[in-house]
Amino acid sequence: MPETGPFRLDLPADRETLAALTAGDAVLLSGVVFTARDATHARIVAELERTGDLPFGLAGQTLFYAGPTPPAAGRPAGAVGPTTASRMDAHTPALLRAGIVATIGKGARSPAVREACAETGSVYFGAVGGAAALLATHVRSAEAVAWPELGTEALLRMELVDFPAFVAIDTRGADLYAEAPAEWRTLPPRG
Amino acid sequence: MIGPDAIAAAVAGAVREAATTLRPDVRVALERAIAAERSPRGRQVLEQLAENARIAHDERVPLCQDTGTVWVRVEIGEEECVRGSVRAAVDAAVAETYRASALRMSVVRDAFSDRANTGDNTPAFIELAQRPGTGATVHVMLKGGGSDNSSALAMLEPAAGREGIVRFVLSVVEGKATGACPPLLVGVGIGGTFDTVAALAKKALLRSLDEPSPGPVDELEREILDVVNATGIGPAGLGGSTTAFGVRVLTAPCHIAALPVAVNLGCSAVRSATVEIA
Numbered sequence: 001m002p003e004t005g006p007f008r009l010d011l012p013a014d015r016e017t018l019a020a021l022t023a024g025d026a027v028l029l030s031g032v033v034f035t036a037r038d039a040t041h042a043r044i045v046a047e048l049e050r051t052g053d054l055p056f057g058l059a060g061q062t063l064f065y066a067g068p069t070p071p072a073a074g075r076p077a078g079a080v081g082p083t084t085a086s087r088m089d090a091h092t093p094a095l096l097r098a099g100i101v102a103t104i105g106k107g108a109r110s111p112a113v114r115e116a117c118a119e120t121g122s123v124y125f126g127a128v129g130g131a132a133a134l135l136a137t138h139v140r141s142a143e144a145v146a147w148p149e150l151g152t153e154a155l156l157r158m159e160l161v162d163f164p165a166f167v168a169i170d171t172r173g174a175d176l177y178a179e180a181p182a183e184w185r186t187l188p189p190r191g
Numbered sequence: 001m002i003g004p005d006a007i008a009a010a011v012a013g014a015v016r017e018a019a020t021t022l023r024p025d026v027r028v029a030l031e032r033a034i035a036a037e038r039s040p041r042g043r044q045v046l047e048q049l050a051e052n053a054r055i056a057h058d059e060r061v062p063l064c065q066d067t068g069t070v071w072v073r074v075e076i077g078e079e080e081c082v083r084g085s086v087r088a089a090v091d092a093a094v095a096e097t098y099r100a101s102a103l104r105m106s107v108v109r110d111a112f113s114d115r116a117n118t119g120d121n122t123p124a125f126i127e128l129a130q131r132p133g134t135g136a137t138v139h140v141m142l143k144g145g146g147s148d149n150s151s152a153l154a155m156l157e158p159a160a161g162r163e164g165i166v167r168f169v170l171s172v173v174e175g176k177a178t179g180a181c182p183p184l185l186v187g188v189g190i191g192g193t194f195d196t197v198a199a200l201a202k203k204a205l206l207r208s209l210d211e212p213s214p215g216p217v218d219e220l221e222r223e224i225l226d227v228v229n230a231t232g233i234g235p236a237g238l239g240g241s242t243t244a245f246g247v248r249v250l251t252a253p254c255h256i257a258a259l260p261v262a263v264n265l266g267c268s269a270v271r272s273a274t275v276e277i278a
């Protein structure tokens with residue numbers, strides 16, 4: 001899984017564009033994403049079950065698993081980075097089948113999510129956890145779309161500019177988190 | 001006599017500092033890791049973390065959006081007297097500091113029956129203890145959800161021994177490290193009881209990476225660090241030589257039938273500070 005890129009990618013991306021990506025690619029993401037973490041997922045899924053459709057025009061969009069800090073340093077969030085994606089795994093296959101085309105988070109995910117990415121042609125991007133002050137400099141705007149009473153867990157429409165990430169699961173289901181340790185063992189010593 | 005307000009002020013100062021500034025020992029470990037990391041992707045991640053620390057410090061913004069739950073351990077000198085509610089004073093200071101410093105509110109009212117956000121990041125999670133002498137020592141840690149979720153406890157049998165301890169710590173790292181924001185600090189508690197071993201593991205994370213350990217513990221820390229870094233999980237779990245910056249072990253007496261072991265993972269932005277009150 002040699003690393004290539006970084007590739008600039010505009011969001012929302014269509015499935016044809018996503019299919020050109022390979023697990024391990026470095027990407028710079030620009031455009032619109034929607035933040036959603038634990039409590040937000042519960043509400044989106046409840047809406048999906050009630051109406052049969054994704055709410056708030058989320059079909060075709062990207063979910064960013066994140067709960068930002070308040071605005072600071074002249075930016076919409078002082079710090080915003082990925083939260084652990086596996087906590088969303090129980091809901092993700094249904095959301096991908098309903099029309100979410102990409103997700104951004106951190107950490108390894110379940111086999112069911114890998115399979116759902118392959119089945120629907122969706123991508124999971126891994127960003128660096130703990131780099132939230134840096135990542136916040138790649139956020140141009142953030143505004144609440146729904147559920148402001150959830151505080152940091154509100155559904156936010158966020159506009160990214162050259163936000164650095166890696167393709168963690170590609171549209172064929174290849175998984176960077178699963179393969180990276182074995183790949184590292186084959187690397188030559190530093191020198 | 002120490003007033004609860006002095007303890008609360010120490011907590012407030014420590015929260016402000018820890019949220020935005022990387023611990024000096026972790027900064028040194030990060031620079032060393034950038035020089036030693038074998039994976040190009042791993043180096044990119046480490047360089048992002050170094051740039052992140054620079055931005056957070058220079059612009060006074062949080063290192064991580066998960067500004068944590070506030071864990072406080074107050075060790076009061078045996079010669080001292082404290083009158084009044086330390087908990088109430090610390091909670092008031094936490095609420096005010098989180099609002100004023102634009103940190104994230106990450107606490108719900110009840111884990112089971114009411115998961116509404118408390119809105120001010122209280123309550124803090126407070127341990128009160130004593131230590132010899134006068135004054136007080138206040139330890140503060142802002143603990144992120146990802147790294148605390150990736151922690152675990154095992155009541156091993158004494159026959160499991162050193163090998164059992166190493167195997168358990170490795171199993172915790174292999175199972176959950178990618179969500180705990182590596183490079184990790186691996187805090188390990190060995191001994192005590194079911195409840196106290198977890199506190200021991202958390203307390204181990206307070207120890208600076210450059211603070212020497214007693215001989216047998218030092219050897220164990222090195223052995224665990226070697227096996228953890230041989231996994232190749234790497235920075236951010238994206239592959240590499242630096243899965244952990246270091247391992248810190250604290251040990252304690254225990255029952256003749258017991259070998260309690262707890263692992264509390266600290267993330268690459270482990271945020272803690274210790275303040276002495278004279």
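For the protein sequence lines, the chains are A and B, in the order given.
Under my numbering, the very last position in the first sequence is 191; numbers go up by exactly one each time.
Under my numbering, the very last position in the second sequence is 278; numbers go up by exactly one each time.
For every residue, glycine included, the Cβ atom is placed at its ideal position computed from N, Cα and C.
It should be emphasised that the depicted structure is a prediction, and the values quoted were computed from it without experimental measurement.
Rounded to the nearest whole angstrom, the C-alpha separation of residue 237 (chain B) and residue 129 (chain A) is 10 Å. Looking at the DSSP output, residue 186 (chain B) sits in a beta bridge with B:247 and B:265.
Residues of the region 13-30 of chain A with a C-beta atom less than 8 Å from some C-beta of chain B are 24 and 26, listed in chain order. Scanning its chain for C-beta atoms nearer than 7 Å, with the 5 sequence neighbours on each side dropped, one finds around residue 76 (chain A) the residues 139, 141 and 142, in chain order. In terms of beta-carbon proximity, residue 165 (chain B) stays away from the interface with chain A, with every pair separated by 7 Å or more. For residue 268 (chain B), the closest Cβ of chain A is nearer than 7 Å. By the criterion of at least three beta-carbon pairs nearer than 8 Å, the region 2-20 of chain B is not in contact with the region 203-213 of chain B. Within chain A, the C-beta atoms nearer than 7 Å to that of residue 51 (chain B) come from 134, in chain order. Spanning the alpha carbons of residue 127 (chain A) and residue 114 (chain B) requires a straight line of approximately 31 Å. For residue 76 (chain B), the enclosing beta strand (DSSP E) covers residues 69-77. Residue 98 (chain B): member of the alpha helix (DSSP H) spanning 86-100, first to last residue. Residues of chain A whose Cβ lies closer than 7 Å to the Cβ of residue 170 (chain B) do not exist, since the nearest Cβ in that chain is about 13 Å away. For the set B:251, B:182, B:196 and B:275, the Cα lying nearest the Cα of residue 29 (chain B) is the one of B:182. Between residue 33 (chain A) and residue 160 (chain A), the C-beta gap is smaller than 7 Å, which places the two residues in contact. For residue 48 (chain B), the enclosing alpha helix (DSSP H) starts and ends at 40-59. Counting along the chain, residue 9 (chain A) sits inside the beta strand (DSSP E) bounded by residues 7-11. Interface with chain A (7 Å Cβ-Cβ cutoff): residue 263 (chain B) is excluded.
The alpha-carbon separation between residue 69 (chain A) and residue 154 (chain A) amounts to approximately 12 Å.
Pairwise C-beta distances place the region 114-126 of chain A in contact with the region 82-93 of chain A, as three or more of them are shorter than 8 Å. Under the 8 Å Cβ criterion, the region 166-177 of chain A counts as touching the region 12-24 of chain A, having at least three qualifying pairs. Assigned with DSSP and collapsed to three states, residue 139 (chain B) falls in strand. Boundaries of the beta strand (DSSP E) harbouring residue 124 (chain A): 123-126, taken from the DSSP string. In the DSSP assignment, residue 155 (chain A) falls within the beta strand (DSSP E) that extends over 155-169.
Inter-residue distance for residue 181 (chain A) and residue 62 (chain A) is about 27 Å (C-alpha atoms, whole angstroms).
In this structure, the CA atom of residue 107 (chain A) is about 6 Å from the CA atom of residue 85 (chain A).
Of the candidates B:179, B:82, B:163 and B:20, B:20 places its Cα closest to the Cα of residue 273 (chain B).
Under a 10 Å Cβ-count criterion, residue 190 (chain A) is classified as exposed, with fewer than 16 other Cβ atoms of the shown protein chains found around its own Cβ. With a 10 Å radius around the Cβ and a threshold of 16 neighbouring Cβ atoms, residue 267 (chain B) comes out buried. Among the bridge pairs identified by DSSP, residue 88 (chain A) is matched with none. Short of 6 Å from the beta carbon of residue 156 (chain B), and not among the five residues preceding or following it, lie these beta carbons of its own chain, in chain order: 164, 259 and 261.
For residue 63 (chain B), the chain A residues whose Cβ falls inside 8 Å of its Cβ are 79, 130, 132 and 133, in order along the chain.
Between the C-alpha atoms of residue 242 (chain B) and residue 125 (chain B) there is a straight-line separation of about 31 Å. Short of 8 Å from the beta carbon of residue 36 (chain B), and not among the five residues preceding or following it, lie these beta carbons of its own chain, in chain order: 241 and 242. Under the 8 Å Cβ criterion, the region 129-147 of chain B counts as touching the region 72-80 of chain B, having at least three qualifying pairs.
DSSP places residue 183 (chain A) within a helical segment (H, G or I) once states are collapsed to three. For residue 45 (chain B), the nearest beta carbon of chain A is closer than 7 Å to its own beta carbon.
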